[in-house]
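Reviewing the structure listed below.
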Amino acid sequence: MGIDNPWVLILLGVLPIVVWWARTSVSGHAKLRLVLATGVRGVVLTALVLAMAGFWIGSDSRPATVFLVDTSDSMLTSEWIKSGEIIDEYLSGTDHQGRVGVIQFGAEAKVVSVPQRLQAAPGLSDRVDGRGTDYASAIATGLGLLDPEAGGQLVLISDGTGDSSALEASAYMSAANGVPISVFPVDVVRNSDVSLLLLEVPEKVRVGARPEIGVWVESPRKTSARLRIWDGSQLVSDTSISIAAGTHAYRVGVLDLAPGFHRLRGELLEDGDSRLSNNVAETFVHVLDPVSVLVVGSDDDVAATLLADGRQARWVQPENLDDDNLTAHDVVILVDVSAESLGPRSIDALRSYVAAGHGLIVMGGPHSYAVGGYSGTAFDDVLPVWSDPAEDRPEPRLALILVIDKSTSMAVGTSEGNAKFDLAVEAAVDAAELLDEGDVLGVLAFDLDSQWVVPPRELTSADQVAAVIDRIRGIKMGTSTDLYRAMFFTRARLDQVDASIKHVVLLTDGRAHHGDFESLTRSMRRRDMTVSTIAIGEDSDQKLLRKIARIGGGRYYFVPDPEAIPRVLTAEARTAGQYAIAEYKFQPRLRAASPMFSGELSGQVFPELAGFVRTRPKPEAELVLVSDRNDPILAQWHFGRGRAVAWTSDDGAHWASDWRKWEMSTFLGQATDWAAPPPGGIRGGVPYVEASYADGLTQITVDWFDINLQFVDGRDVQISIIGSGGKDRKVNAVQTAPGRYRAELRDMESGVYEIRVDTMTSADRTGAVGGVVVSEASDTRRVNADPNVLRRVAMLTGGVQLNSLSEVALLPKLHGPENRFDRSHLLVIALVMFVVDVGIRRLLGGPREILSRLNERVRSVGGMAGKLRGISWYWSRPA
């Protein structure tokens, strides 16, 4: 029992006046009629006052209606306004007496009004997260507002976009609770809406790459729009695009981005677009530093060329190459480096380095490929060419001149008691024994003077070789040295020799104090002579001897331990007579297109080359440049996860000197770009980060193997997730497989996140960077509503589909009868009692007189019926 408006009960104070008035109006009647008239009029008055006061008796558990209003980003503002009109229409249909609740929902549900009598639809809030459509939460909240005993109904006002499976599951739950869900599909014309669906850009690029952004746009009509691309708060692109009807991708370039992690946001501005929430998309790009190059060789010319071209390059000599140098760089360039100067361990490390995803470029010269002892090493695996030349090579005629220092400094003994001079003599003997029949050998011993111990002569028999050896062993020690005089005499005598290969090996431990060695060596090269040098010990003039070998087109050897002299000279003697080096001028031909000759090099005529090292191409290799006789000049291929390039000419010191005047720096730069690991590729020694987001779950995976392609296990891997505001969230990854670590996160706000991976042990610390886009709910990108989903919800729960405001009046009919005595009942009682009151006052006489007059009235009514039947027969009879 209750009274809604208790202040109205004050009107009951006039009840005595009404009773007195009733008594005076029937004062001349019998006592019984007086009592009845007074009582009935009192009941009428009491019923009216109680009805006005909202008096009721019984339970207040009456059915209620709860409206579920979708205010997610997929709903237009005009659709919000229409939901208020729907609620107002319902309230007017119930004369504002129904109990109505309102729930507003998007990615979350919010109770705007609990079930109660409302005079108008309540206002909706703009603080509800609209980045999703959580039907399940809205329906569950609505069911919670209904009284289980009284029941009620839900009314869903939505466009039907979002997770349809969750909506259907919630509909089944509502049906199980006996609560119907009526639906009002929002049917606002959206033909003018344009949507920016997605931004596509490589996750990682090198600095200066100027990546293109793929912009996916959905439009129901042909139009034009303005597209802006922001890098954080900086506008990096502002352009107009013509949009075709349908879903299409458009390419947009951006300015150069500095190294680092960049959050990119696209905005599409189009006149007349009714929705702005789906005109924004986000992505990220990680701009890496330039390709890091390690140049290995006897000088830093190539490194200087790359640095001048804006590249990151570092130079080391072959003996200083180690694993740390390798892993710190993307590409290694070997410039005329022999296998001996590297050693087997470094060559094997280079093989693993390339297989693990890095790049290798081998530039030729007189110390490389076959002449550098590459055959039979790991170079045969990793390079796109075999180092040994073709089998059908001609037999060359070799003229080998050994120029041996016999000064007093050569008499110094080694740790094993052997004098440097004695070791040099025995090395010369070994070299003589290696020559083939028909080759020419000459031996010049020098101190201040120069003496032809063995004048250049053709070796035609074993007896002649034995005689030459005896003469070599007869060399006597001298005094000081005059290296320039010795080289001058050698040039003069060798110029008179007829041979296809003329090679000089200079062996000394001293220093030269006079002479223009550069001009002398160049003149020897013009006469098709090559010069190799062997520097013995730390006191030797290493800089000069290296320069002579480089200009002379030969090989330079530094022998800190004189005990190695025989081995080095023997190897040089073998190399000198090989067919591997081809020296003549020719113009290389382009055999296949390659990114190394793209851009400004595309279509250009290549300069001449003056020589190269002969090799054989592998079947799987791509031959880019060939000689006029189809010998490989430039070849490329993939090895393991990495790439290798073979350039069989030199770096421009002699054979490719015209290329230095051309575009050598551009060629080297583009060659390193091709050989370098792709910016987003997996490579050994560096953890690889991959992240994804779907259905509220962010997954981060880290794959890690070392430079030898072995999985890295048992490490502590910490992941930092950094939002646009700089907020840092840290999680620890768990190892789930060999070399694989994983972490998962939920409930992340939408936006672009930078991911930093720190892998820490007591020995080292390695880092990696990635990113992930946590996108808004997918329904915010939808253009059209989906009424079919809503229609199925109404069918499953026993509700109705409302298509217009006029149909909203059907909703109250779904209520069951109310189980209580209230205003409507009181008004009926007042009306009945009023009729009784009128009868008491109008009827005169006693009870018998009243009954008699009533019977008479009934009989008169019956007679009137007979007369009416007669008239009807008269008009209906036939004429």
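Numbering (this note's numbering), first residue to last: 686 to 1564.
Each residue gets a CB set at the ideal place from its N, CA and C atoms; glycine is no exception.
Burial state of residue 1030 is exposed, judged by a 10 Å Cβ sphere holding fewer than 16 other Cβ atoms. If one requires a minimum length of 3 residues, the beta strand (DSSP E) runs lying completely within the segment 889-952 are 889-891, 897-904, 908-916, 919-928 and 931-938, in chain order. In this structure, 857 is the residue among 779, 1059, 857 and 695 with its C-alpha nearest to the C-alpha of residue 1484.
If you draw a straight line from the Cα of residue 1268 to the Cα of residue 1284, it comes to about 30 Å. Unbroken beta strand (DSSP E) runs of no fewer than 3 residues, entirely contained in the segment 1007-1086, are found at 1016-1020 and 1044-1048, following chain order. Taking 8 Å as the cut-off, the beta carbon of residue 1240 is found closer than this to the beta carbon of residue 1217. Annotated three-state conformation of residue 1175 is helix, per DSSP. By the C-beta density criterion, residue 688 is exposed, having fewer than 16 other C-beta atoms within 10 angstroms. The Cβ neighbour count for residue 1019, taken over all protein chains shown within 10 Å, is at least 16; the residue is labelled buried. The beta carbon of residue 1227 lies closer than 8 Å to those of 1220 and 1243 in the same chain, with the five residues before and after it left out. For residue 787, the CB contacts under 6 Å within the same chain, skipping 5 residues up- and downstream, are 752, 797, 798 and 807 in chain order. If you draw a 10 Å sphere on the C-beta of residue 756, you find 16 or more other C-beta atoms in it, and that means buried. According to DSSP, residue 1425 shares a beta bridge with 1388 and 1422. Check the Cα spacing between residue 886 and each of 898, 880 and 878: the tightest is with 898. Listed as beta-bridge partners of residue 1382 by DSSP are 1379 and 1431. For the pair residue 1382 and residue 1431, the CB atoms are nearer than the 8 Å cut-off. In summary, residue 1032 is buried, with 16 or more beta-carbon neighbours lying within 10 Å of its beta-carbon over all protein chains present.
The shortest CA-to-CA distance from residue 1066 to any of 1089, 1056 and 1036 is the one to 1036.
Nearest neighbour of residue 1426 by Cα position, chosen from 1399, 1437 and 1412, turns out to be 1399. For the 8 Å CB-CB criterion, residue 1094 and residue 1057 do not form a contact. No Cβ-Cβ contact shorter than 8 Å links residue 1350 with residue 878. Excluding sequence positions up to five before and after residue 1130, its CB lies within less than 6 Å of the CB of 1089, 1091, 1136, 1138 and 1160, all in the same chain and listed in chain order. Our two residues, residue 702 and residue 1521, have alpha carbons roughly 20 Å apart in a direct line. The three-state reading of DSSP puts residue 1455 in strand, counting E and B together.
Taken through DSSP and simplified to helix, strand or coil, residue 1514 comes out as helix. Of all alpha-carbon atoms in 1166, 1175, 1133 and 1117, the one lying nearest the alpha-carbon of residue 1147 is that of 1117. Linking residue 1518 to residue 732 through their CA atoms gives a straight-line distance of about 9 Å. Distance from the Cα of residue 730 is smallest, within the candidate group 1537, 1524 and 1515, for 1515. Of 1073, 1069 and 1050, the smallest CA-CA separation from residue 1060 is found for 1073. Counting C-beta atoms within 10 angstroms of its own C-beta, residue 950 has 16 or more neighbours from the protein chains shown and is therefore classed as buried. It is roughly 26 Å from the alpha-carbon of residue 1173 to the alpha-carbon of residue 1155. Cβ neighbours of residue 946 within its own chain (closer than 7 Å, five residues either side excluded): 969, 971, 1439, 1454 and 1456. Per the C-alpha coordinates, the member of 1132, 1133, 1115 and 1141 positioned closest to residue 1126 is 1141. Each of 1410, 1194, 850 and 840 was checked against the Cα of residue 864, and the nearest Cα belongs to 840. Collapsing the DSSP output to three states places residue 1370 in coil. Cβ-Cβ separation between residue 977 and residue 844: approximately 53 Å, too far for a contact (criterion under 8 Å).
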